[in-house]
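Below: one structure, written as structure tokens.
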Amino acid sequence: MAKAYINCVIGKHIYANLYGCEPSLLDDEFFLRNLIIEAAKIAKMNIWDIKSWRFGGEKGGVSAIALILESHIAIHTWKEFNYATVDIFTCGEKSDPELAFNYIVSKINPKRITKGFVDRSGLTL
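Counting from 0, one number per residue, gives the positions in the sequence shown under numbering that gives the first Met the number 0.
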């Protein structure tokens, strides 16, 4: 007879590398902050706080991180390489990190993507 687990942690983790992105988007802190906010809304996530910072100079780039009640969304960019990384981790069944990821990709429009998914669910002891 199969056991029914009552106390279970649900964790979904998407991480990706985005290649061939438009450099002007990767250096636009306002755009990336709003991108994360909209992605969180679409995926039914609740933003607790968002922080971002722009790296100046010729190379440039932005890091933007949203702390969501379910965990986090992070985007880090390297303008000089037309490259970005995305990391989305959620806990629980109500939010959908795949929806957030697809929205982010649709707006950044990379030429190539490598993506991973980890089921970080587990039983509580």
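Even glycine gets a Cβ: it sits at the ideal position worked out from N, Cα and C.
Does the beta-carbon of residue 109, which I'm using as the reference point, lie nearer than 7 Å to any heavy atom of the ligand PLP? The ligand PLP is not part of this structure, which contains no ligands at all.
(message) Could you check whether the segment 23-36 touches the segment 66-78, counting it as contact only if at least three pairs of C-beta atoms, one from each stretch, sit closer than 8 Å?
(response) yes
So residue 43 and residue 120 are in contact, right, with Cβ under 8 Å, and what is the actual spacing, rounded? Residue 43 to residue 120, Cβ: 18 Å. No contact.
Tell me the rounded alpha-carbon separation between residue 18 and residue 49.
24 Å
In whole angstroms, what separates the C-alpha of residue 23 from that of residue 77?
11 Å
- Query: So the alpha helix (DSSP H) residue 105 belongs to, where does it begin and stop?
  - Reply: 96-107
Would residue 40 and residue 118 be called neighbours here (beta carbons separated by less than 8 Å)?
no
Note to self: Considering just the uninterrupted stretch of the beta strand (DSSP E) at residue 120, what are its terminal residues?
What the structure shows: Run containing residue 120: none; DSSP gives neither H nor E here.
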